[in-house]
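Residue numbers (the working numbering): 287 to 523. Every residue, glycine too, gets a C-beta built ideally from N, C-alpha and C. Structure record follows, encoded as structure tokens.
This is the structure:
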């Protein structure tokens with residue numbers, strides 16, 4: 287009888303936990319595991335909506351492994367898209383970290399839409415790795431006006447870096463670009479001018495054929511990593 291009373295007390299304590307604490311607990315799980323807790327009880331049914339650390343990963347190995355289980359690559363991709371939509375569009379908390387790794391072209395509107403939702407949730411650390419086979423796609427302009435953003439890591443094939451005039455990344459300290467397409471010289475200048483406390487900058491294998499002069503100068507910068515495709519010519523750095 288005493289054991290039953292203890293178990294009931296433990297259950298009541300779990301039900302009494304604030305949503306912020308429940309979200310913190312779920313942040314130690316993968317996002318898929320956090321969503322799976324919704325079957326445990328009514329208290330956990332929508333608890334994943336309070337998770338502040340979101341990570342969605344579907345690389346080539348995941349696709350092959352899941353295709354073996356589900357029997358269809360199409361089902362794997364659709365299942366992943368539904369998961370991302372379900373979690374992002376039901377999330378009611380500010381997002382501390384949003385990480386997306388997707389080695390499948392699902393259309394730029396999907397990726398831009400997800401980034402847009404993370405922006406509205408005050409994301410602090412944004413890490414996106416994906417590809418596009420639909421020609422050059424443009425990143426949402428609001429991405430360059432997120433004052434909560436501290437880390438921005440974009441590894442995007444076929445995405446163009448079209449930087450607006452009013453860049454306002456006031457708290458950004460870490461910036462990493464890989465494979466993105468730089469639009470022109472002004473895109474670099476406008477970007478750096480709006481990153482007032484930038485400390486670490488990394489540019490790897492980006493398409494810089496549109497750049498004539500690549501001038502990096504920033505008062506707070508501590509490290510700069512630059513790797514260029516060897517087949518790019520006629521640039522001055």
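| query | result |
| --- | --- |
| Sufficient close CB pairs (3 or more, under 8 Å) joining the segment 461-469 to the segment 436-452 | yes |
| Residue 501 at chain D interface by Cβ criterion, 8 Å | Looking for chain D here will not work: only one protein chain is present. |
| Which residues DSSP lists as bridging residue 437, in chain order | 411 and 460 |
| One or two residues paired with residue 387 in a DSSP bridge | 343 and 415 |
| Cα-Cα separation between residue 417 and residue 337, rounded to whole angstroms | 26 Å |
| Residue 484 beta carbon less than 8 Å from that of residue 507 | yes |
| Start-end ranges of the alpha helix (DSSP H) lying completely within the segment 347-377, minimum 4 residues | 359-376 |
| Distance CB(residue 373)-CB(residue 425) smaller than 8 Å | no |
| Boundaries (first-last residue) of the beta strand (DSSP E) holding residue 446 | 445-447 |
| Helix, strand or coil at residue 479 according to DSSP, with G and I counted as helix | helix |
| Spatially closest choice to residue 227 from 405, 413, 406 and 397, by CA coordinates | Coverage of the chain is limited to positions 287 through 523, which leaves residue 227 absent and any answer about it impossible. |
| Beta-carbon contacts of residue 469 that lie in its chain and below 8 Å, excluding the five residues immediately before and after | 446, 447, 448, 449 and 496 |
| Residue 408 Cβ short of 7 Å to the ligand PLP heavy atom set | With respect to small molecules bound, the structure shown includes none, and the ligand PLP cannot be examined in it. |
| Same chain, Cβ closer than 7 Å to residue 308, five either side skipped, listed in chain order | 333 and 336 |
| Nearest-angstrom Cα separation, counted from residue 382 out to residue 303 | 20 Å |
| Residue 312 (DSSP reduced to helix, strand or coil) | helix |
| Nearest neighbour of residue 385, chosen from 452, 345 and 472 [CA to CA] | 345 |
| Residue 352 versus residue 325: straight-line alpha-carbon distance, rounded | 22 Å |
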